[in-house]
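Step one of this worksheet: look at the structure below.
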Amino acid sequence: LWVVPGDVGAVGNPPTELLRSRYAQLVYQPMSERVVVQGLRPGRYTLVWGYFHAEMPGAGPVVRQVDVPSQGEVSLR
(Lines of atoms letter the chains of each structure in order from A and count residues from 1; the text may use other names and numbers.)
(Lines give C-alpha, C1' and ligand atoms only; values in the text may rest on other atoms or scores of the structure.)
Protein backbone atom coordinates (compact mmCIF):
# COMPACT_ATOMS: atom_id res chain seq x y z
CA LEU A 1 0.00 0.00 0.00
CA TRP A 2 1.39 3.39 -1.02
CA VAL A 3 0.18 6.76 0.22
CA VAL A 4 1.12 9.47 -2.28
CA PRO A 5 0.41 13.20 -1.86
CA GLY A 6 -1.67 14.66 -4.70
CA ASP A 7 -3.26 12.99 -7.70
CA VAL A 8 -1.46 10.14 -9.41
CA GLY A 9 -2.60 9.00 -12.82
CA ALA A 10 -2.06 5.49 -14.06
CA VAL A 11 0.68 3.45 -12.41
CA GLY A 12 2.66 0.56 -13.81
CA ASN A 13 2.04 -3.08 -13.04
CA PRO A 14 4.04 -3.47 -10.84
CA PRO A 15 4.19 0.21 -9.81
CA THR A 16 8.00 0.30 -9.55
CA GLU A 17 8.04 4.05 -10.19
CA LEU A 18 6.66 4.53 -6.68
CA LEU A 19 9.71 2.77 -5.19
CA ARG A 20 11.89 5.56 -6.62
CA SER A 21 9.60 8.36 -5.46
CA ARG A 22 10.89 10.67 -2.74
CA TYR A 23 7.40 11.55 -1.59
CA ALA A 24 5.42 8.27 -1.58
CA GLN A 25 5.04 6.37 1.70
CA LEU A 26 5.02 2.57 1.45
CA VAL A 27 3.16 0.56 4.10
CA TYR A 28 4.93 -2.77 3.62
CA GLN A 29 2.87 -5.93 4.08
CA PRO A 30 0.05 -4.66 6.31
CA MET A 31 -0.68 -7.18 9.06
CA SER A 32 -4.46 -6.89 8.79
CA GLU A 33 -7.17 -5.89 6.34
CA ARG A 34 -7.52 -2.54 8.07
CA VAL A 35 -4.61 -0.09 7.80
CA VAL A 36 -4.51 3.17 9.76
CA VAL A 37 -2.23 5.90 8.44
CA GLN A 38 -1.62 8.78 10.83
CA GLY A 39 0.14 12.11 10.58
CA LEU A 40 -1.11 13.09 7.12
CA ARG A 41 -1.51 16.79 6.46
CA PRO A 42 -4.89 17.88 5.11
CA GLY A 43 -5.10 17.60 1.34
CA ARG A 44 -5.60 15.18 -1.52
CA TYR A 45 -3.79 11.83 -1.56
CA THR A 46 -3.68 8.81 -3.83
CA LEU A 47 -3.73 5.29 -2.37
CA VAL A 48 -2.18 2.54 -4.48
CA TRP A 49 -2.69 -1.10 -3.47
CA GLY A 50 -0.58 -3.60 -5.36
CA TYR A 51 2.50 -5.78 -5.40
CA PHE A 52 5.74 -3.81 -5.67
CA HIS A 53 7.79 -6.69 -7.05
CA ALA A 54 5.46 -8.55 -9.43
CA GLU A 55 2.49 -7.95 -11.71
CA MET A 56 -0.96 -8.10 -10.17
CA PRO A 57 -3.49 -10.26 -11.99
CA GLY A 58 -6.46 -8.67 -13.69
CA ALA A 59 -6.62 -4.89 -13.93
CA GLY A 60 -3.44 -4.35 -11.91
CA PRO A 61 -2.99 -2.14 -8.84
CA VAL A 62 -6.03 -0.49 -7.25
CA VAL A 63 -5.77 3.32 -7.31
CA ARG A 64 -8.05 5.61 -5.24
CA GLN A 65 -7.97 9.34 -4.56
CA VAL A 66 -8.96 10.54 -1.09
CA ASP A 67 -9.28 13.91 0.62
CA VAL A 68 -7.83 14.15 4.12
CA PRO A 69 -9.31 14.85 6.65
CA SER A 70 -12.78 14.85 5.08
CA GLN A 71 -12.79 11.08 4.38
CA GLY A 72 -12.28 9.16 7.59
CA GLU A 73 -12.22 5.68 6.06
CA VAL A 74 -11.57 4.36 2.55
CA SER A 75 -12.37 0.88 1.31
CA LEU A 76 -10.24 -0.53 -1.50
CA ARG A 77 -12.62 -3.44 -2.10
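Counting with the numbering used here, you get residues 206 to 282 for the letters of the sequence shown. We put the CB at the ideal spot given by N, CA and C, even for glycine. Remember, it's a predicted structure, so these values are computed and weren't measured experimentally.
> Can the beta-carbon of V216 be found closer than 9 Å to that of V253?
Replying inline: In this structure, V216 places its C-beta atom within 9 Å of the C-beta atom of V253.
>> Taking only three categories from DSSP, how would you classify L223?
In response: Of the three classes helix, strand and coil, the one that applies to L223 here is helix, per DSSP.
> Does the distance from the CB of R209 to the CB of Q230 come in under 9 Å?
Replying inline: This sequence places Val at residue 209; Arg is not what is there. Taking 9 Å as the Cβ cut-off, V209 and Q230 qualify as a contacting pair.
> Secondary structure at V271, three-state DSSP: helix, strand or coil?
Replying inline: Shown here, V271 sits in a strand according to DSSP, grouped into three states.
>> What would DSSP say about G217, mapped onto helix, strand or coil?
In response: In this structure, G217 counts as coil in the three-state DSSP scheme.
> Can you tell me the Cα-Cα spacing of G265 and Y228, whole angstroms?
Replying inline: C-alpha separation (whole angstroms): 22 Å.
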